[in-house]
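Colleague: First the structure, then my questions, so here it is.
In the working numbering, the protein residues as written are 10 to 598.
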């Protein structure tokens, strides 16, 4: 009633449109959409907001929105009169939202029994993933979907936390459950998709909700095989993370794939998995995209305003978070600077620890040797101007940055975690022992020995730089490209569909008589993750609406604008240029 807070596109029932006589345009450029919505609300209708980027909206200088601003007084008069007819409070539904509290899970939606599918002769994959962002695990998902032969495979993606999806929609059908469904309907929607799209393979990767669903899916569809992919085990996260989730429901999983041999061995030795049920598939890199011959170093140095001055460039490219140990990086730079000053470290990425390491860099007087470049999507340009990349993480599977760096001919210094040493051999970089336990991830007081180990490794690499560089790209071409990964994943998918694990089929048949238990597992998962999911919903909505006080401030501004004396005063200040001057002086220009 007070602020024009609308989305650009909406789906409205025709009967509701007719009931309020549509737009009833008496004149143009009077916020007619806002006025129409108010009429709908007056009839008790309420908006349901599906929160994701679904369109691109082009604003023109001479568009209707601009005209309505020029015609503001008349527009607000019409809005004010329409708002008066709204007598009751109307609650909107805002997705994503935490709404589950022991509600009965709905298994089937009305009309699902009438669904008919056409056999397409393909492997129809239902892929369940938690989010779509630009991280290593998520890039693997995109590379896989993009690379699968579309004549053999068709992919439907189910998301349980929305973020970035437009790239995935180029290659797959994408449904984000968080944007349009209450949680109690998630199961019924997945049933609907499995039947509608004739799904004959389930692929789960890093999705906790997906793992809770797998026993139910296997009980409903025993002959549909299940494959999952694990990027690393995390001992600081539920004492194993997704490796624990996968092992919990191993009785219904045909094949568990991992991104490195170290994680595969942990699954077998610690979680007691059957060796025949697990296999390593390295994620790989696109060697054509990451090719140093495609880039001009001098032009890139100018682009990023980097003054090399004969110094070596060391890049630290990652999400700036505790797993990556950015505070250890500061200590390494401090110690390295005591031995040499011919280097510049490029910190590329964003994250919750970025501001704190910037403060530490200033405190330790390291700013002459560090540049913070923020988030850069074209990371290959950074590799192209780098002499070394540095990874001091406390946990990795095999870091995507390591693949990319080697493909660009740049040696890697890395902590000995996960499967890093499976990729980084002695001829392409240096592996440094990790002297901190995973449970100490929040402890930023690092052992002097570990810091010195990194300094020694960097000095060693810089002293033999040409030797290391000459081997890097060859290492990737010999078995760590995306094409290698795609081919291996394709073979596993096809073979699993052709020959499902009979033991797993029988386990699914046995669960048919215990379906309530499998549904209760989904309940327990929803409730166990309630706080985390609530935080994700809040965080997501803050991303879309970064200024939570926007609405309150707008209401105050609208009320003040309706006071003629105040409106005249503001217009005078604008005419004299005083408001613009004050904004500039406050640094808000």
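Virtual Cβ for every residue (Gly too), placed ideally from N, Cα, C. Computed from a predicted structure; not experimentally measured.
How far does the alpha helix (DSSP H) with residue 219 in it reach, from first residue to last?
Modeller: The count along the chain shown starts at 1 and reaches residue 219 at position 210. Counting along the chain, the alpha helix (DSSP H) containing residue 219 begins and ends at 217-229.
Colleague: Under 8 Å between the Cβ atoms of residue 401 and residue 337?
Modeller: Translated into positions along the chain shown, residue 401 becomes position 392. Translated into positions along the chain shown, residue 337 becomes position 328. Contact flag set, yes.
Colleague: At which residues does the beta strand (DSSP E) containing residue 398 begin and terminate?
Modeller: Here residue 398 refers to the residue found at position 389 when the chain shown is read from its first residue. Element bounds for residue 398: 397-400.
Colleague: Could you tell me which of 453, 494, 466, 370 sits nearest to residue 412, measuring between CA atoms?
Modeller: Residue numbering aside, residue 412 sits at position 403 when the chain shown is read from its first letter. For the residues 453, 494, 466, 370, the minimum Cα distance to residue 412 belongs to 494.
Colleague: If you draw a straight line from the C-alpha of residue 534 to the C-alpha of residue 146, how long is it?
Modeller: What you label residue 534 is simply residue 525 of the chain shown in a count that begins at 1. What you label residue 146 is simply residue 137 of the chain shown in a count that begins at 1. Straight-line Cα distance between these residues: approximately 22 Å.
Colleague: Ignore the nearest five residues each way along the sequence and tell me which others in residue 587's own chain have a CB closer than 8 Å to its CB.
Modeller: Translated into positions along the chain shown, residue 587 becomes position 578. Here the set comprises nothing.
Colleague: Going by beta carbon distance, what residues of the same chain come within less than 7 Å of residue 247, once the five residues before and after it are set aside?
Modeller: Locating residue 247 in the chain shown gives position 238, where the first residue counts as 1. Around residue 247: 253.
Colleague: DSSP state of residue 133, grouped into three classes?
Modeller: Residue numbering aside, residue 133 sits at position 124 when the chain shown is read from its first letter. If DSSP states are grouped into helix, strand and coil, residue 133 belongs with the strands.
Colleague: With C-beta atoms as the reference, is residue 422 less than 8 Å away from residue 324?
Modeller: Walking along the chain shown from the start, residue 422 turns up at place 413. Walking along the chain shown from the start, residue 324 turns up at place 315. Cβ atoms of residue 422 and residue 324: not closer than 8 Å.
Colleague: Report back the beta-carbon spacing between residue 439 and residue 403 to the nearest angstrom; my notes put them in contact at under 8 Å.
Modeller: Residue 439 sits at position 430 when you count from the first residue of the chain shown. Residue 403 sits at position 394 when you count from the first residue of the chain shown. The Cβ separation is near 18 Å, so there is no contact.
Colleague: Between the beta-carbon of residue 233 and the beta-carbon of residue 206, is there less than 8 Å?
Modeller: Residue numbering aside, residue 233 sits at position 224 when the chain shown is read from its first letter. Residue numbering aside, residue 206 sits at position 197 when the chain shown is read from its first letter. Contact: no.
Colleague: Between which residues of its own chain and residue 158 is the CB-CB distance below 8 Å, once the five residues before and five after are set aside?
Modeller: Position 149 of the chain shown, counted from the first residue, corresponds to residue 158. 499, listed in sequence order.
Colleague: Determine whether the beta carbon atoms of residue 101 and residue 55 lie at a separation below 8 Å.
Modeller: Taking the first residue of the chain shown as position 1, residue 101 is located at position 92. Taking the first residue of the chain shown as position 1, residue 55 is located at position 46. Yes, they are a contact pair.
Colleague: Three-state secondary structure (DSSP) at residue 456?
Modeller: Counted from its first residue, the chain shown places residue 456 at position 447. Looking at residue 456 - three-state DSSP - the assignment turns out to be coil, as it is neither helix nor strand.
Colleague: Would you say residue 236 and residue 212 are within 8 Å of each other, going by their C-beta atoms?
Modeller: By 1-based counting over the chain shown, the position of residue 236 is 227. By 1-based counting over the chain shown, the position of residue 212 is 203. Yes, Cβ-Cβ distance for residue 236 and residue 212 is below 8 Å.
Colleague: Is the beta carbon of residue 329 sitting closer than 8 Å to the one on residue 397?
Modeller: Here residue 329 is taken as the residue at index 320 of the chain shown, counted from 1. Here residue 397 is taken as the residue at index 388 of the chain shown, counted from 1. Contact flag unset, no.
Colleague: Does the beta-carbon distance from residue 339 to residue 375 come in below 8 Å?
Modeller: One-based indexing of the chain shown puts residue 339 at position 330. One-based indexing of the chain shown puts residue 375 at position 366. A contact, by the Cβ cut-off of 8 Å.
Colleague: Over what stretch of residues does the beta strand (DSSP E) that includes residue 210 continue unbroken?
Modeller: The count along the chain shown starts at 1 and reaches residue 210 at position 201. Residue 210 -> beta strand (DSSP E) spans 210-214.
Colleague: Do residue 463 and residue 441 have their C-beta atoms closer together than 8 Å?
Modeller: Along the chain shown, read from residue 1 onward, the residue named residue 463 stands at position 454. Along the chain shown, read from residue 1 onward, the residue named residue 441 stands at position 432. For residue 463 and residue 441, yes; Cβs fall inside 8 Å.
Colleague: Suppose contacts are defined by Cβ-Cβ distances below 8 Å. Is residue 39 in contact with residue 92 by that definition?
Modeller: Indexing the chain shown from 1 puts residue 39 at position 30. Indexing the chain shown from 1 puts residue 92 at position 83. No, Cβ-Cβ distance for residue 39 and residue 92 is not below 8 Å.
Colleague: Between residue 518 and the rest of its own chain, which residues show a CB-CB distance below 7 Å, the 5 nearest in sequence each way excluded?
Modeller: Here the question's residue 518 lines up with position 509 in the chain shown. Closer than 7 Å at the Cβ level, and outside the excluded window around residue 518, lie 231.
Colleague: In this structure, how does DSSP classify residue 445 when only helix, strand and coil are distinguished?
Modeller: Here residue 445 refers to the residue found at position 436 when the chain shown is read from its first residue. Looking at residue 445 - three-state DSSP - the assignment turns out to be coil, as it is neither helix nor strand.
Colleague: Is residue 186 helix, strand or coil by DSSP?
Modeller: Here residue 186 corresponds to residue number 177 of the chain shown, with the count starting at 1. In this structure, residue 186 counts as helix in the three-state DSSP scheme.
Colleague: Assign residue 109 to one of three DSSP states: helix, strand, or coil.
Modeller: Sequence index remark: in the chain shown, residue 109 carries index 100 (1-based). In the structure shown, residue 109 sits in coil (DSSP, three-state: anything other than H, G, I, E or B).
Colleague: Whole angstroms are fine: how far does the CA of residue 99 sit from the CA of residue 250?
Modeller: Locating residue 250 in the chain shown gives position 241, counting from the first residue. Locating residue 99 in the chain shown gives position 90, counting from the first residue. In a straight line, the C-alpha of residue 250 is about 42 Å away from that of residue 99.
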